[in-house]
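Novice: The following block contains the structure, expressed as structure tokens.
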Amino acid sequence: MNKRLVIHVIGAILMIEAAAMLPALVIGLIYREPGAAQAMLYPMLMLIALGLPLWLLVKPKDQNLRAKEGFTVVALSWLLLSIFGALPFVFSGMIPNFVDALFEAVSGFTTTGATVVTNFENRPHGIMFWRAFTHWIGGMGVLVLTLALLPQMTGRTSHLVRAESPGPSMSKIVPKMGDSAKILYLIYGALTVIEFIALMIAGMDVYDAAIHAISTAGTGGFSTYGDSIGAFNSPAIEIIIMVFMVLYGVNFALYYSILIGNWKAVKKSEELRWYLGIFAFSTIAITAFVTPLYGNVFSALRFSSFEVASVVSTTGFGVVDFNTWPQSAKALILILMFFGSCAGSTAGGMKIVRVALLCKLGQREIRRTFQPRKVQVVRFEGKGVEEAQLSQISVFFFVYLALILAGMFLISLENRFDVQTNFSAALTCVSNVGPGFGAIASDFAGYGPFAKCVLSVLMLAGRLEMFPILVLFHPALWRKN
Amino acid sequence: MRILVIGDGKVGHTVVEHLAKENHDVVLIDTDEEALARSQDTLDVMCIRGNGANAQTLIDAGAKKADIIIAATASDETNMLCCLIAKRLGAKYSIARIRDPEYNESLSLLRHELDIDLAINPERATAIEISRLLRFPFASNIEAFARGRVEMVAFRVQDNDVIVGTPLRDLSRTLRGIPQVLYALVDRDGALSIPYGDFVIQPGDLVYVAAEAVTITAYFRFLGKASVKIRDVMLLGGGRISYYLAKMITPMGIRVAMIEINQKKAEMLSESLPDVNVIYGDGTDQELLEQEGLPQMDAFVALCDRDEENLMTGLFAVRQGVPKVIVKNNRVAYADLITDMGLDSIVSPRSITCANILRYVRGWANSEGTKVERLYHLADARAEALEFIARANDPYIGVPLKDLTMRPGTLVAVIVRDRKVIVPFGNDHIEPGDTVIIIACESGLTDLNEVITR
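Protein chains in written order, with this note's numbering: chain R, 68 to 548; chain G, 9 to 462.
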């Protein structure tokens, strides 16, 4: 492995994390919270002290980033981001236990939104902003940001982006990776600003609007209130956030197509049709299931559409507790937690494209049993899908399930909650949704340190789509040559 | 510039590699997913799977706004069609690889009707290169600059050559009447450097000299090398390169023996090339080679499909005492190894094709941004020769070269003024409108002002 290159790139990423801490530091100063400002400043200085020498002094002789280095950089940098990202929580005393803080930071960067914070009264504004801002960085990806900011990183960068960008295949929107990354972040930033303004118009104050805008953007789900969006009790705010949650679940390449006037691409997108179809169907079904609970269709529609958007986009904001819903609605929510949103979005889950292809694959195998000689090409978005990709997706599905089951088993060793809770905890973490069923409806504080570590690994594996994290556990990666 | 490349084969991939490095927006189209996956992993370009002759694929790839389309698929017809469609869609320039000799004869008509700006025939281009090497057998490489006015010849220095052992600046004093050429580059044991005045040439160096074509001829006559003239050539393999080459050199009075392993093909060649001695047999059979008079040949050119066979038979020919051995080898990575084994003249159709394509692309790119008129790769792309046009208000104009500062690792090789070739010395200066050829041991220079400062 080309260790010098790995170290060099990681140095650059640490510097970017230091820069990312700056807004939270400024907010801490604005709200006159010296404790919070210090808690942001010290990790920043540590990152600079570590990152700058690595970046400047370790110059790689060979600039070629191969698959091995690419995956290692991605996995290691996400681990380091989380470790340093947890320090402000510890230093400020908001989450004094390091394992808890690490869980919170991983949950932030992976845009899961599962929290260990139970009391939201009088929390330092700077630290709460940092907590939400981790969603924004993790949503589009820190390596994508690195590529957008560092022009000299050209050439073999596809392994970095592939490991970090969600979906079975990586497609660039323009020929150059650096330009692609810049365009993605511009769209991302623009959507965030629009939501921020919309939320202010709907009545939020600047601070809440900023927190919720960046938290929605990453499809994360950290809020400043224990009752999440329910605390505002405002249909206008709910509608704005719902619309944006759905928007962030769409492949960003489609937004670029719209910007360059290519509406045909939007019309042709099969994944978008599946996505909106699943959203519409689930909303109608759940509305029907919960209407008796709320007494009228409009309240039922209001709550069910928000919760469905929240789960499908894997954000995890809530207006009501879906644990109080009938089992039929909960079952559908559980299924949606698997699905997630479109490839190339900021959301988690298995991704609609994989679900759609698995459905088609199943259909094909059924047909093959009674018509074995029929040649069947699986088509998606009007094109035939390569067999290699199909088998990769099947394996992905297996690994996804295996990881959830293994995670469920491991956290059940602590013997704190029932199996339903533990299963939903593993699923919600791998899919980067956030809330689960039973005891973890609003927070994960009840789990012990071991379970939190397991769940942190699950969140990272889910965000990076399994393999970049799993390769770290494969001994051959660390062997020489 | 936005460049579409259709065909991710050997040439397509190499061209894309260079274009991506030169910071162009490149879209690569091919039908083979596996080839594209490899390019996607190693190059910063956009890959699209599809047929490049399909209008929708071209539109998806952005052909409407493309500056250049390069069609290098395996099929000539597809390449022509790609260029035609892309041009109709709005692409500005088109380059097509057209290699079939049948099309070659009606090329100018095809080019005009299909609106192709450059048609590249790799085999013909390679044959031209080889014929140049056969005209100057002592040279291992010849390159022409400034529309053919300036030639640069690379040759290996022998023990008894008169230029050995004297610093370059004293050569004209010690050797009276030696024609003035520029010593542009020296390759000593694989290390390339630009020789300055105190440089001493040693036997075994590969020296690149540049001057006007007439002067070059006179120079080598002075060194006593021009007397070697090639009369008998043996060509191994009866492929397209051999065909073009035989057609080019037989009128020059060179007798050609061509060995072809396929009987049918041998018969066809014999029919279409009446002046060539076509031999049907296995060219890797040493017995056959000796029987057909290999040791008496002035030159041996190995042009089989397989690089390995070319190398082995080439080495055998060197051992047999053939003075000039040229082998075809497409694997650039092994060039060093081969040179070490004693084979100096290697031609690579892939590199030649790429170099031709890149030369045009850079010329077009020049109109928007960089100021390089033309760019040539030298010594396996380890050095470059760049043609610039001097501009009237640049600071170096009119200042004697000795008062200017050159960027390290560069050299003003030649100045062409009003069709006159000047090999510059310290007292010469650059005038507006001059074509200035710079030799550089680095790549990426885009402006003459980067090279020469006051």
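Note that CB positions come from ideal geometry on N, CA and C, so glycine has one too.
Any Cβ of chain R within less than 8 Å of the Cβ of G/Q64?
Specialist: Cβ-Cβ to chain R under 8 Å: no for G/Q64.
Novice: Under the assumption that G/S47 contacts G/H26 (Cβ atoms under 8 Å), give the Cβ distance between them as a whole number of angstroms.
Specialist: In fact, because the Cβ distance is near 13 Å, the residues do not count as touching under 8 Å.
Novice: Does G/F153 come out as helix, strand or coil in the three-state DSSP assignment?
Specialist: Of the three classes helix, strand and coil, the one that applies to G/F153 here is strand, per DSSP.
Novice: Which residues in chain R sit within 9 Å of G/M54, going by Cβ to Cβ distance?
Specialist: By Cβ distance, chain R contributes S238, K239, I240, V241, P242, K243 and S247.
Novice: For R/E448, decide whether its Cβ has a neighbour in chain G, counting only Cβ atoms nearer than 8 Å.
Specialist: Answer no: the Cβ-Cβ gap between R/E448 and chain G never drops below 8 Å.
Novice: In the DSSP output, which residue or residues are listed as bridge partners for G/M276?
Specialist: DSSP, once it has assigned bridges, lists no residue as partnering G/M276.
Novice: Report the rounded CA-to-CA distance for R/G429 versus R/Y342, giving the unit in angstroms.
Specialist: Each residue's alpha carbon lies about 19 Å from the other.
Novice: Spatial neighbours of R/V444 within its chain, please: CB distance less than 6 Å, with the 5 preceding and 5 following residues excluded, ordered by chain position.
Specialist: Correct list, in chain order: G451.
Novice: For the beta strand (DSSP E) that contains G/N285, what are its first and last residues?
Specialist: Where G/N285 is concerned, the enclosing beta strand (DSSP E) stretches over N285 to Y288.
Novice: In the DSSP assignment, find the alpha helix (DSSP H) that holds G/S139 and state where it starts and stops.
Specialist: Taken as a continuous stretch (DSSP letters only), the alpha helix (DSSP H) holding G/S139 covers P130 to R143.
Novice: Who are the Cβ neighbours of G/I249 in its own chain at under 6 Å, not counting the five residues just before and after it?
Specialist: Around G/I249: E131, T134, A135 and L311.
Novice: Rounded to whole angstroms, what's the CA-CA distance from G/G245 to G/D313? Just pull it up for me.
Specialist: If I take the Cα positions, the gap works out to 8 Å.
Novice: With DSSP run on the structure shown, which of helix, strand or coil describes G/P187?
Specialist: Looking at G/P187 - three-state DSSP - the assignment turns out to be coil, as it is neither helix nor strand.
Novice: Taking G/Q188 as the reference, which of G/I224, G/Q210, G/I56 and G/V215 has the closest Cα?
Specialist: Of G/I224, G/Q210, G/I56 and G/V215, the residue nearest in Cα terms is G/I224.
Novice: Listed from N- to C-terminal order along the chain, which residues in the region 34-49 of chain G have their beta-carbon within a distance smaller than 7 Å of any beta-carbon of chain A?
Specialist: As a matter of chain content, chain A is missing from the structure shown, whose protein chains are R and G.
Novice: Around the Cβ of G/G205, are there at least 16 other Cβ atoms within 10 angstroms (buried) or fewer (exposed)?
Specialist: G/G205 comes out exposed.
Novice: Where G/S278 and G/Y251 are concerned, what is the direct C-alpha to C-alpha distance, given to the nearest angstrom?
Specialist: Computed Cα separation, rounded: 10 Å.
Novice: By Cβ distance below 7 Å, which residues in the same chain neighbour R/A298 in space, the five residues on each side in sequence not counted?
Specialist: The residues are Y292.
Novice: Between which two residues does the alpha helix (DSSP H) holding R/F64 run?
Specialist: Only positions 68 to 548 of chain R appear in the structure, and residue 64 of chain R is not among them; the question remains open.
Novice: Determine the extent of the alpha helix (DSSP H) in which R/T488 is found, giving its start and end residues.
Specialist: Residues V486 to V497.
Novice: Which residues share a DSSP beta bridge with G/I56?
Specialist: BP columns for G/I56 point to G/I37.
Novice: Who does G/D240 pair with in a DSSP beta bridge?
Specialist: Paired residue(s): G/R263.
Novice: For G/G198, which residues of its own chain have a beta-carbon under 7 Å away from its beta-carbon, when the five flanking residues on both sides are left out?
Specialist: The residues are D344.
Novice: May I have the straight-line CA-CA distance separating R/S395 from R/A355, to the nearest angstrom?
Specialist: Their backbone Cα atoms lie some 10 Å apart in a straight line.
Novice: Flag R/A453 as yes if its beta-carbon sits less than 8 Å from any beta-carbon of chain G, otherwise no.
Specialist: The sequence given here places Glu at residue 453 of chain R; Ala does not occur at that position. Judged by the 8 Å Cβ criterion, R/E453 is in contact with chain G.
Novice: R/S225 touches chain G at which residues, Cβ-Cβ below 9 Å?
Specialist: Q48, D49, T50, L51 and D52, listed in chain order.
Novice: So G/L383 is in the beta strand (DSSP E); what residue range does that whole segment cover?
Specialist: Its beta strand (DSSP E) spans residues R382 to L386.
Novice: Determine the burial state of R/P535: buried for a count of at least 16 other Cβ atoms within 10 Å of its Cβ, exposed for fewer.
Specialist: With 16 or more Cβ atoms within 10 Å of its Cβ, R/P535 is classed as buried.
Novice: Measuring CB atoms only, is the region 401-421 of chain G touching the region 342-359 of chain G, in the sense that at least three cross pairs come out at less than 8 Å?
Specialist: Short answer: they don't touch.
Novice: Please state whether the Cβ-Cβ distance between G/A69 and G/L126 is less than 8 Å.
Specialist: No.
Novice: Can the beta-carbon of R/H279 be found closer than 8 Å to that of R/A134?
Specialist: Not in contact: R/H279 and R/A134 (Cβ atoms no closer than 8 Å).
Novice: Ends of the alpha helix (DSSP H) at R/Y315?
Specialist: Start and end: P302 to Y315.
Novice: Between R/A87 and R/P155, how many whole angstroms is the CB-CB distance? I'm expecting something under 8 Å.
Specialist: Between R/P155 and R/A87 the Cβ distance is about 11 Å, and since that is not below 8 Å, they are no contact.
Novice: Pull up the distance between the alpha-carbon of G/S180 and that of G/A391, whole angstroms please.
Specialist: So the alpha carbons of these two residues sit roughly 27 Å apart.
Novice: Report yes if the C-beta distance between G/Q328 and G/L302 is below 8 Å; otherwise report no.
Specialist: Yes; because the gap between Cβ atoms is below 8 Å, this pair is in contact.
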